[in-house]
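A quick write-up on the structure given underneath.
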Amino acid sequence: MQITCWGVRGSLPAPDPKNNRYGGNTSCVSIETEEQILIIDAGTGIRSLGHELVGSMKPIYVVLTHVHSDHVEGFPFFKPLYEASRPIHLVDHVCNNTRWSLLETFDGFHFPLEPGDIPARVQRVRDEAIPFLNESGFDLSRRPVNHPGGAYGYRFSFNGETVVHIPDNEIDPPGDVVLSFDELVEFCAGADVLVHDAQYVRDDLPEKSGWGHSILPDVCRLAREAEVDQLVFFHHDPERTDDALDDMQAQARNTLSEHGIDCTAAYEGLTL
């Protein structure tokens, strides 16, 4: 399988010259096999992904970790939606007894088109997400994580390789804990690649404690205890410049190298 990061920024897009190397688009990652493509989240990064997929009739499946704006705002600009008869499966997001579909971004008010105006052959999937995706050929599981409003992390395996993707999660939240650290370690255990939220550094606390994002030292600890092969830290703060991310990456590599764990800060175009 091929994992590609199309948007790695959190909270809102950050198109700034100081962010050019890592990118300013919000959350979108694709996991592609020979037969199909799974897209996790539809932030502004999905626009670039859409350009790459134009002309390919490979079936597309889109699933969400949650519905904060930085994870859905790019969807109307996803070019395959405008290809006649293109098969696209949109899995409803159900969390905390609330159901939501990406088609709701096409309401004629927040965006000028409505669902009936989409040329692609869009299937809204109202079935339970994980059984549907497993029946569609994806070996996928998920866990609720610590994020205001509710969110999920996903674990995907293919041909003996495993990636865990958790773009929004506060490892050590101040309030109620949805997923304990030990449970998180178990969910991530032995992954070849762990992509995890590390939006904050210690200096961001305590002001942003409880906002639903992790600090990098906690994420490094998770990588060590879960014994993953590679850590990709993700969901960069919009104020975090390329130089600041270079420093975070150097610190994480120094921490993890003695444990044999590779590490990189996620950047647009990163392909594994």
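Numbers given in the working numbering equal positions in the sequence shown, counted from 1, plus 420. Note that the Cβ used here is the ideal one computed from N, Cα and C, for glycine as well.
According to DSSP, is residue i part of a helix, a strand, or is it coil?
i	result
phenylalanine 552	helix
histidine 656	strand
arginine 546	coil
aspartate 624	helix
serine 411	There is no way to answer for residue 411, as the model of the chain reaches only from 421 to 692.
alanine 462	coil
glutamate 455	coil
tyrosine 481	strand
glutamate 534	coil
glutamine 650	strand
leucine 510	strand
arginine 641	helix
aspartate 559	strand
arginine 541	strand
serine 468	helix
Looking only at C-alpha atoms, which of the options sits nearest to residue i?
i	options	result
proline 587	Thr424, Gln422 and Arg429	Arg429
proline 658	Tyr620, Asn579, Phe607 and Ile508	Tyr620
leucine 642	Thr675, Ala670 and Lys628	Thr675
glutamine 669	Gly536, Gly680 and Leu651	Leu651
valine 420	Ser521, Phe653 and Glu606	Outside the modelled stretch of the chain, which goes from 421 to 692, sits residue 420, for which no answer is possible.
asparagine 579	Asn589, His585 and Phe558	Phe558
phenylalanine 498	Trp631, Pro437, Arg660 and Leu523	Leu523
proline 435	Val605, Arg673 and His656	His656
serine 489	Ser468, Ile480, Asp512 and Ala462	Ala462
asparagine 440	Ala664, Ser677, Gln671 and Arg673	Ala664
Measure the Cβ-Cβ separation of residue i and residue j and say whether it is below 9 Å.
i	j	result
asparagine 566	leucine 560	no
aspartate 649	alanine 686	no
threonine 453	methionine 477	no
glycine 595	cysteine 515	no
glycine 494	threonine 446	yes
leucine 458	proline 496	no
glycine 470	glutamate 688	no
glutamate 603	glycine 632	no
Are there 16 or more other CB atoms within 10 angstroms of the CB of residue i, so buried, or fewer, so exposed?
i	result
arginine 563	buried
aspartate 638	buried
threonine 582	buried
arginine 622	exposed
threonine 691	exposed
alanine 504	exposed
threonine 485	buried
leucine 501	buried
Checking the sheet assignment: what are the DSSP bridge partners for residue i?
i	result
tyrosine 694	This structure leaves residue 694 out entirely; the chain is present only between 421 and 692.
valine 615	His585 and Val652
alanine 685	Phe653
glycine 411	With the chain represented from 421 up to 692, any question about residue 411 goes unanswered, as that position is not in the structure.
cysteine 608	In DSSP, cysteine 608 forms no bridge with anything.
Under 8 Å: does the beta carbon of residue i sit that close to some heavy atom of the ligand FAD?
i	result
phenylalanine 497	The ligand FAD is absent from the structure shown, which contains no ligand whatsoever.
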